[in-house]
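*Asks:* In this note's numbering, the protein residues as written are 1 to 322.
Handing you a structure now.
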C-alpha cells in the first residue's frame with residue numbers, strides 16, 4: 001500500500017477562553033483526531049455545526065496552531081514548520097473557504113486575485129505568462145477569460161466560488177481542503193461545483209478533504225467519510241458502506257435526518273431517538289461525549305472514552321462493538 005499524502009496522528013487544537021491554559025475553561029475544538037488521506041482520494045468530513053470540522057482543516061494548513069499531535073504531508077512532519085519550509089508547504093496544500101463573498105478581496109480584480117499566489121511563490125516569470133495561466137484557470141472552472149478584468153461584486157455566488165477554486169489551483173497543489181465550499185450556494189449550483197471538483201481530480205489526481213453539512217453531497221464526492229462529534233471522530237469508513245449500514249448511533253441519527261422525496265418511504269423510516277441538548281464544548285461529559293444523547297448509553301460510557309476500533313471493515317468509537 002502506498003504512503004498516504006496526508007496523515008494526522010492524535011491531533012489536538014484547544015482554545016483558551018481567556019488568560020492562560022489551566023486558569024480558564026478550554027474549548028477542545030479538535031480532540032485526539034487521527035486519520036489519513038491517500039493520493040487521488042477524497043475524504044469527506046461531516047458533523048453538526050461546532051463539532052470542529054473547520055478548525056481541523058484550518059489546523060492542517062497551519063492557520064491554527066495545533067495544541068498536540070502530529071501532521072505528516074508526504075511522509076514529512078509539518079507540525080512545526082516555519083519560514084520558507086511553511087511557504088513551500090502551502091504551495092502544495094491549498095484551501096477553499098466556506099464563504100466566497102468574504103474570501104475574495106473586493107478591491108482586487110479577478111486577475112489580480114488569482115495571480116497573487118503566483119507572484120508570492122515566483123511562478124511563471126512574467127506578468128504576461130501569469131495572465132495566460134489565469135485565463136487558462138478561469139476556463140478550467142467554467143468562466144470566461146475576459147472575466148480577468150472584473151471585480152468580485154460583479155459575479156454570482158456560484159461564480160465567486162469558481163474564482164476561489166481557480167485561485168486554489170493557481171499553484172498546482174497536490175492537496176486541497178474544501179471547507180464547506182457549497183453551503184452558501186443554491187442546490188443547482190452545488191451540483192455544478194461538486195462535478196467541477198470531481199473533474200479536476202480526474203484530470204490532475206489531486207486529493208481533497210471535503211468538509212460539509214450536506215450528507216448527500218459528501219456521499220457523492222467522497223471515497224471515504226469521517227463523522228465528527230464535539231471534536232472527535234466517531235466513525236470512519238467507506239462512503240457506500242457507511243451510508244447503507246451506519247454503526248455509530250450518532251451516524252445513524254445523522255443519516256436519518258436526510259429527507260427522502262418519496263412520502264411513503266419517508267413515513268416508513270424508523271427514527272433514531274436522540275434526546276437532550278448538545279453539551280457545551282466548555283464542559284464536555286465524562287467518558288463518551290455522545291452518551292448524554294445516546295439511546296444505548298451504559299455505565300461504561302460515563303467512565304471510559306471509546307477509541308476508534310475496527311468493526312466490519314471500518315473504524316467506530318463505540319462500546320456497542322467489542
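In this text, a Cβ means the ideal position worked out from N, Cα and C, and glycines have one as well.
(1) Does the region 83 to 95 come into contact with the region 167 to 186, if we say contact requires no fewer than three beta-carbon pairs (one atom in each stretch) closer than 8 Å?
(2) Between the C-alpha atoms of residue 301 and residue 81, what's the straight-line distance to the nearest angstrom?
(3) I'd like the list of long-range same chain contacts for residue 36, defined as Cβ closer than 6 Å, with 5 residues on each side in sequence excluded.
(4) Using the Cα positions of residue 38 and residue 218, report the straight-line distance between them to the nearest angstrom.
(5) DSSP has residue 267 in a bridge; who is on the other side?
(6) What first and last residue would you give for the alpha helix (DSSP H) that runs through residue 250?
(7) Measure how close the beta-carbons of residue 52 and residue 287 come, nearest whole angstrom, since I'm counting them as under 8 Å.
(8) Tell me whether residue 70 sits in a helix, a strand or coil according to DSSP, three-state version.
(9) According to DSSP, which residues form a beta bridge with residue 221?
(10) Let me know the beta strand (DSSP E) ranges lying completely inside the region 25 to 99, each 3 residues or longer, listed in chain order.
(11) Between which residues of its own chain and residue 206 is the CB-CB distance below 8 Å, once the five residues before and five after are set aside?
(12) Of the choices 84, 89, 68, whose alpha-carbon is the least far from that of residue 74?
(13) Round the Cβ separation of residue 159 and residue 236 to the nearest angstrom and send it over; I've been treating them as touching at under 8 Å.
(14) Would you please state the rounded distance, in angstroms, between the beta carbons of residue 318 and residue 306? I believe it to be under 8 Å.
(15) If I measure Cβ to Cβ from residue 167 and keep anything under 7 Å in the same chain, skipping five residues before and after, which residues do I get?
(16) So the candidates are 151, 106, 213, 252; which of them puts its Cα closest to the Cα of residue 325?
(17) Decide if residue 31 is buried, meaning its Cβ has at least 16 other Cβ atoms within 10 Å, or exposed.
(18) Looking at C-alpha atoms only, which residue of 196, 108, 2, 122 is the closest neighbour of residue 154?
(19) Since residue 6 is in the beta strand (DSSP E), which residue starts that stretch and which ends it?
(20) For residue 57, count neighbouring Cβ atoms within 10 angstroms of its own Cβ and tell me buried if that reaches 16, exposed if not.
(21) Within 10 angstroms of its Cβ, does residue 100 collect 16 or more other Cβ (buried), or is it exposed?
(22) In terms of residues, what are the limits of the alpha helix (DSSP H) holding residue 159?
(23) Throw me the rounded Cβ distance for the residue 157 and residue 185 pair, which I believe falls under 8 Å.
(24) In three-state terms, what does DSSP make of residue 115?
(25) DSSP state of residue 154, grouped into three classes?
(26) What's the gap between the Cα of residue 46 and the Cα of residue 303?
(27) What is the rounded straight-line gap between the Cα of residue 204 and the Cα of residue 198?
*Replies:* Well, looking at it:
(1) yes
(2) As a position in the chain shown, residue 301 is number 301, starting the count at 1. As a position in the chain shown, residue 81 is number 81, starting the count at 1. Going from the Cα of residue 301 to the Cα of residue 81 covers about 38 Å.
(3) Here residue 36 refers to the residue found at position 36 of the chain shown. Same-chain partners within the cutoff: 4, 7.
(4) In the chain shown, residue 38 corresponds to position 38, counting from 1. In the chain shown, residue 218 corresponds to position 218, counting from 1. Rounded to the nearest angstrom, the two C-alpha atoms are 17 Å apart.
(5) The count along the chain shown starts at 1 and reaches residue 267 at position 267. DSSP, once it has assigned bridges, lists no residue as partnering residue 267.
(6) For the purposes of this step, residue 250 is identified with residue 250 of the chain shown, where counting begins at 1. Here the alpha helix (DSSP H) through residue 250 covers 249 to 256.
(7) Counted from its first residue, the chain shown places residue 52 at position 52. Counted from its first residue, the chain shown places residue 287 at position 287. Residue 52 to residue 287, Cβ: 18 Å. No contact.
(8) Within the chain shown, the letter at position 70 stands for residue 70. Strand at residue 70.
(9) Stepping through the chain shown from its first residue, residue 221 is reached at position 221. None; residue 221 has no bridge partner.
(10) 26 to 37, 42 to 46, 68 to 73, 93 to 96
(11) Along the chain shown, one-based indexing puts residue 206 at 206. Hits under 8 Å: 40, 173, 174, 175, 176, 200.
(12) Taking the chain shown and counting its residues from 1, one reaches residue 74 at position 74. Among 84, 89, 68, the Cα nearest to that of residue 74 is on 89.
(13) As a first step, residue 159 must be located in the chain shown, where it is residue number 159. As a first step, residue 236 must be located in the chain shown, where it is residue number 236. Wrong, their Cβ atoms sit about 34 Å apart, outside the cutoff.
(14) By 1-based counting over the chain shown, the position of residue 318 is 318. By 1-based counting over the chain shown, the position of residue 306 is 306. About 6 Å separates the two Cβ atoms, so the contact holds.
(15) As a first step, residue 167 must be located in the chain shown, where it is residue number 167. Taken in chain order, the residues that qualify are 113, 114, 117.
(16) Outside the shown range of the chain, which is 1 to 322, sits residue 325, and nothing can be said about it.
(17) Here residue 31 is taken as the residue at index 31 of the chain shown, counted from 1. Residue 31 comes out buried.
(18) Along the chain shown, one-based indexing puts residue 154 at 154. Closest by alpha carbon: 108.
(19) Mapped onto the chain shown, residue 6 falls at position 6. Start and end: 6 to 16.
(20) Taking the first residue of the chain shown as 1, we reach residue 57 at position 57. Residue 57 is buried by the Cβ-count criterion.
(21) The residue labelled residue 100 in the question sits at position 100 within the chain shown. The residue in question, residue 100, is buried, as its Cβ has 16 or more Cβ neighbours within 10 Å.
(22) Indexing the chain shown from 1 puts residue 159 at position 159. 157 to 169 is the extent of the alpha helix (DSSP H) around residue 159.
(23) Along the chain shown, one-based indexing puts residue 157 at 157. Along the chain shown, one-based indexing puts residue 185 at 185. Between residue 185 and residue 157 the Cβ distance is about 5 Å, and since that is below 8 Å, they are a contact.
(24) For the purposes of this step, residue 115 is taken as the residue at position 115 of the chain shown. Residue 115: helix per DSSP, three-state reduction.
(25) Counted from its first residue, the chain shown places residue 154 at position 154. Correct three-state label for residue 154: helix.
(26) Here residue 46 refers to the residue found at position 46 of the chain shown. Here residue 303 refers to the residue found at position 303 of the chain shown. Roughly 26 Å separates the two Cα atoms.
(27) By 1-based counting over the chain shown, the position of residue 204 is 204. By 1-based counting over the chain shown, the position of residue 198 is 198. One C-alpha to the other measures close to 10 Å.
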